[in-house]
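Below is one structure, written out as structure tokens; the observations come after it.
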Ligand SMILES: Cc1cc2nc3c(=O)[nH]c(=O)nc-3n(C[C@H](O)[C@H](O)[C@H](O)COP(=O)(O)OP(=O)(O)OC[C@H]3O[C@@H](n4cnc5c(N)ncnc54)[C@H](O)[C@@H]3O)c2cc1C
Ligand SMILES: Cc1cc2nc3c(=O)[nH]c(=O)nc-3n(C[C@H](O)[C@H](O)[C@H](O)COP(=O)(O)OP(=O)(O)OC[C@H]3O[C@@H](n4cnc5c(N)ncnc54)[C@H](O)[C@@H]3O)c2cc1C
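Here is the structure:
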């Protein structure tokens, strides 16, 4: 059983920081009330727990030392990238050490000819693309958080983004990993030429939400930029038309590079922050993009636009230049941020349904929020059925949080009823641990829980996440809820 | 060869429960690629039902013994396909072969640049462990991060970890695929994988997929990972990696019932 370190171990945070500092350098270890506050949650602020210390290693070897120290002192440890996770994955659930990759931001090597890049795991996603842009390449996974979220975080969450539809999620772009396992050993799997033949371990490590070890370096695939990109926005006067249009586009035989949807609630907030044009009477907008050779990109977008017309789109605008394209994407990627204008608190949900069920699903989402008397705005990856209903409300209002929690549960239930998944991107973290049992049998979950043993990862490595085990997690869950802000 | 062909999944579970060592096979086309095994074989030939086809969601669910051709012929009616080049282009070796075998073998394929690797096509699996236990992984939608991607890790496992019983695959629009070049290799081939910068110009008359760092040849090339019936040259995994792979085998098949296909 793991106990919350803060209460059950005799050393004070100061002593631990001092002892750990002696090993890796005192400038790499932080503690104190400000640190506790900042590192007590990720972007899922509903659950919080303060760390005892925060370590800021600068090398793989530092991380190995820190993990060994934690093991020797029975200290839980939680990896953390930029803290943009939306399911509580980087929250130090039982206290202990947060191991931040903030200072592991170096690009170690890259080859344009062989299309790979080797970087430390704390590098921001977008920095990789910036590095290889002059050569006409990019790193394909593009979560909306890409300007800050880290390579290690993307790997741990198997992050996706708008272009996942065509280019795949993070897993499809990782050639190799170096990581520190739960015993403080450094292990390398794969490399510039990819994983060696034999049982595939990368698929298990990627998406493991930091429970199987701490990724310190990765070799990623570089993707050649398409020679042409066509981006268009198309507007509908009903949600139903827009969502039926998504299904028609998916089955049209054209593979859009991106197919995103924003409803009028989001558009209102975005239009207040960015100079985008939204025709009067718009209920939803689809942002569509095709790429490839110039003729095929153009003929594909023309085909998608004609499908939109068949679905009663009221207006369509093709981006005429890079500036117009950038504006559309800025509106999409910063859309969630813009929602802060709607209400004091916003909570982003994440679920997946088969895209053909979108009309039914969106109808259900609007009915749910009405029944719970909260607001919702939808901005999401429509092409792969990955919904992000964003609830907005005033948490100071009595009962609001309960209603939001209830609405979230109702939406996820509906995703499952329609044959979908409880999460498409944001992961299980602490938020959705109870929901996995709705997708998998007890046998299957028990099997997955034992992957920790396969990788030599103790329960104290990012405890209580994904498939929690041990009494400590249950007891502490009550406590997190208690300190929710 | 001693082959048993269960009629349904409960029979398959029953066979597993007997505890006898087995090699699971589909059509058996790739036996030359595999470590030799003269004991019992279990064929999935009769587990060949397409269970669900949802063209609007680009998804098909079928039993593991369904042939690649059957999936392609069902999908084709809706303009979709499982993107493995067919014999009309002179590509070898897949008439009558199964999706279970295709996944468990996990070979590279010609349209990898546009459709990703075979590992990227599997989105869910219902599996049977060597003790007859049923375990499911993944989700019936093209995108999900719920739980660990065990279904993906089974790609390339060559029958040694869990038995694939039902598989959900993502399909691709036929329109997306460029016509592959005619395959010039008429013999069972070796697939060589290595860094493109090490490709030699004299190899370029061979089938090359430079973007995926792959070369198909009749004989193994030096200095590359090579998989194929004419010789496998796999670099020894680092001891630490090998130890984790052994632990994975132990978790899936603690009594060593399932015969591993990888040649050592
Ligand atoms: C505005 C906004 C937009 C977003 N858009 C998207 C989107 O489009 N698509 C998407 O998929 N997600 C999105 N997210 C979620 C989030 O950005 C991603 O999950 C991202 O990959 C997390 O990266 P991070 O560096 O912030 O990781 P953190 O939040 O710090 O950590 C996330 C998880 O990864 C683990 N972890 C972090 N680093 C490592 C490491 N080096 N080794 C092992 N484990 C590690 C942590 O323990 C934790 O479990 C969005 C979030 C926000 C706030
Ligand atoms: C000469 C030749 C060239 C080929 N070239 C290519 C190519 O370039 N690209 C490509 O993708 N494919 C290629 N193939 C592979 C072919 O397309 C089939 O995918 C392959 O032969 C496997 O199908 P099968 O049913 O015959 O499997 P089998 O040969 O019966 O089995 C193959 C492996 O899968 C395991 N297996 C089978 N079924 C299951 C199951 N249900 N659960 C768990 N494990 C299972 C077996 O134990 C074995 O290890 C080639 C095949 C040959 C013979």
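Residue numbers (the numbering used here), protein chains in the order written: chain A, 11 to 495; chain B, 139 to 402. Every residue, glycine too, gets a C-beta built ideally from N, C-alpha and C. Nothing here was measured: the structure is a model prediction, and the numbers come from that model.
Would you report the Cα separation of residue 357(B) and residue 364(B), rounded to the nearest angstrom?
Residue 357(B) and residue 364(B): Cα-Cα distance of roughly 9 Å.
Determine the contact status of residue 221(A) and residue 475(A), defining contact as a CB-CB distance below 7 Å.
In contact: residue 221(A) and residue 475(A) (Cβ atoms closer than 7 Å).
Say the cut is 6 Å; is the CB of residue 76(A) nearer than that to a heavy atom of ligand 1?
No; taking the cut-off as 6 Å, the Cβ of residue 76(A) has no heavy atom of ligand 1 nearer than that.
Where does the unbroken alpha helix (DSSP H) through residue 275(B) begin, and where does it stop?
No alpha helix (DSSP H) holds residue 275(B); the beta strand (DSSP E) holding it covers 272 to 276.
Am I right that residue 161(A) and residue 110(A) are in contact with their C-beta atoms under 8 Å? What's the rounded C-beta distance?
About 14 Å; that fails the 8 Å criterion.
Quick one: what's residue 189(A) bridged to in DSSP?
DSSP output for residue 189(A) lists 197(A), 225(A) as bridge partner(s).
Considering only the alpha carbon of each residue, which of 183(A), 477(A), 466(A), 28(A) lies closest to residue 191(A)?
Relative to the Cα of residue 191(A), the nearest Cα in the group 183(A), 477(A), 466(A), 28(A) belongs to 466(A).
Assigned secondary structure, residue 310(A) (DSSP; H/G/I helix, E/B strand, else coil):
Residue state, collapsed to three classes: helix.
Assuming residue 149(A) and residue 183(A) make a contact with CB atoms under 8 Å, what is their CB distance in whole Å?
The beta carbons of residue 149(A) and residue 183(A) sit about 7 Å from each other, so the pair counts as a contact at 8 Å.
Could you tell me which of 49(A), 24(A), 57(A), 38(A) sits nearest to residue 483(A), measuring between CA atoms?
The candidate whose alpha carbon is nearest that of residue 483(A) is 57(A).
What is the rounded straight-line gap between the Cα of residue 168(B) and the Cα of residue 325(B)?
Using only the alpha carbons, I get a separation of about 13 Å.
From residue 388(A) to residue 297(B), what distance separates their C-alpha atoms?
As the crow flies, the alpha-carbon of residue 388(A) is around 43 Å from that of residue 297(B).
Do residue 450(A) and residue 295(B) have their C-beta atoms closer together than 7 Å?
No, the Cβ-Cβ distance between residue 450(A) and residue 295(B) is not below 7 Å.
Where the beta strand (DSSP E) through residue 178(B) begins and ends:
Unbroken beta strand (DSSP E) run through residue 178(B): 178 to 181.
Between which two residues does the alpha helix (DSSP H) containing residue 165(A) stretch?
Here the alpha helix (DSSP H) through residue 165(A) covers 161 to 167.
Quick one: residues in its chain with C-beta nearer than 6 Å to the C-beta of residue 327(A), no 5 flanking neighbours on either side, listed in chain order?
The answer, listed in chain order, is 243.
Could you confirm whether any beta carbon from chain B is found closer than 7 Å to the beta carbon of residue 316(A)?
Not closer than 7 Å to any Cβ of chain B, the Cβ of residue 316(A) fails to qualify, so no.
One question on the structure: do residue 205(B) and residue 234(B) come within less than 7 Å of each other, judged by their Cβ atoms?
For residue 205(B) and residue 234(B), yes; Cβs fall inside 7 Å.
Between the segment 331 to 362 of chain B and chain A, which residues of the former have a C-beta closer than 8 Å to a C-beta of the latter?
For the segment 331 to 362 of chain B, the beta-carbon criterion of a distance under 8 Å to any beta-carbon of chain A is satisfied by 331, 332, 333, 334, 335, 349, 351.
Proximity test, Cβ basis, 7 Å: residue 460(A) and chain B
Yes, its Cβ sits closer than 7 Å to a Cβ of chain B.
Kindly indicate which residue of 375(A), 234(A), 27(A) has the alpha-carbon position closest to the one of residue 273(A).
Nearest of 375(A), 234(A), 27(A) to residue 273(A), Cα basis: 375(A).
Tell me whether the beta-carbon of residue 395(A) lies closer than 7 Å to the beta-carbon of residue 254(B).
In this structure, residue 254(B) does not lie closer than 7 Å to residue 395(A) by Cβ.
Whose Cβ in chain B lies nearer than 8 Å to the Cβ of residue 211(A)?
Per Cβ cutoff of 8 Å: 291, 379, 382, 383, 386.
For a cutoff of 7 Å on Cβ pairs, would you count residue 396(A) as touching chain B?
Chain B, which has a Cβ nearer than 7 Å to the Cβ of residue 396(A), makes this yes.
Simplified DSSP assignment, three categories, for residue 249(B)
Residue 249(B) sits in coil when the DSSP states are folded into three classes, being neither helix nor strand.
Is residue 188(B) close to chain A? Criterion is C-beta to C-beta, closer than 7 Å.
Chain A, which has no Cβ nearer than 7 Å to the Cβ of residue 188(B), makes this no.
What residue range is occupied by the uninterrupted alpha helix (DSSP H) comprising residue 81(A)?
For residue 81(A), the enclosing alpha helix (DSSP H) begins and ends at 70 to 82.
Tell me the rounded alpha-carbon separation between residue 492(A) and residue 51(A).
Only weak support exists for where residue 492(A) lies, its pLDDT of 38 falling under 50; the value from the coordinates is given anyway. The straight-line gap from Cα to Cα measures roughly 14 Å.
Going straight from the alpha carbon of residue 188(A) to that of residue 27(A), what length do you get?
Straight across, the Cα-Cα distance linking residue 188(A) with residue 27(A) is about 26 Å.
Is it the case that the CB of residue 355(B) approaches a heavy atom of ligand 2 more closely than 6 Å?
No, ligand 2 has no heavy atom inside 6 Å of this Cβ.
Pull out every residue of the segment 337 to 353 of chain A whose Cβ sits closer than 8 Å to any Cβ of chain B, in chain order.
Listed by position along the chain: nothing, the set is empty.
Proximity winner among 171(A), 271(A), 468(A), relative to residue 86(A) (alpha-carbon distances)
Ranking the options by Cα distance to residue 86(A), first place goes to 468(A).
Can you tell me whether residue 224(A) sits near ligand 1, meaning its C-beta is under 6 Å from at least one heavy atom of the ligand?
Checking the Cβ of residue 224(A) against ligand 1 gives yes.
Using a Cβ-Cβ cut-off of less than 8 Å, list which residues of the segment 186 to 211 of chain A approach chain B; keep chain order.
Answer in chain order: 195, 197, 198, 199, 202, 203, 204, 206, 207, 208, 209, 210, 211.
Using a threshold of 7 Å, state whether the C-beta atoms of residue 186(A) and residue 201(A) are closer than that.
The beta carbons of residue 186(A) and residue 201(A) sit closer together than 7 Å.
Close beta carbons around residue 387(B), own chain, < 7 Å, minus the five adjacent residues each side:
Result list for residue 387(B): 298, 299, in chain order.
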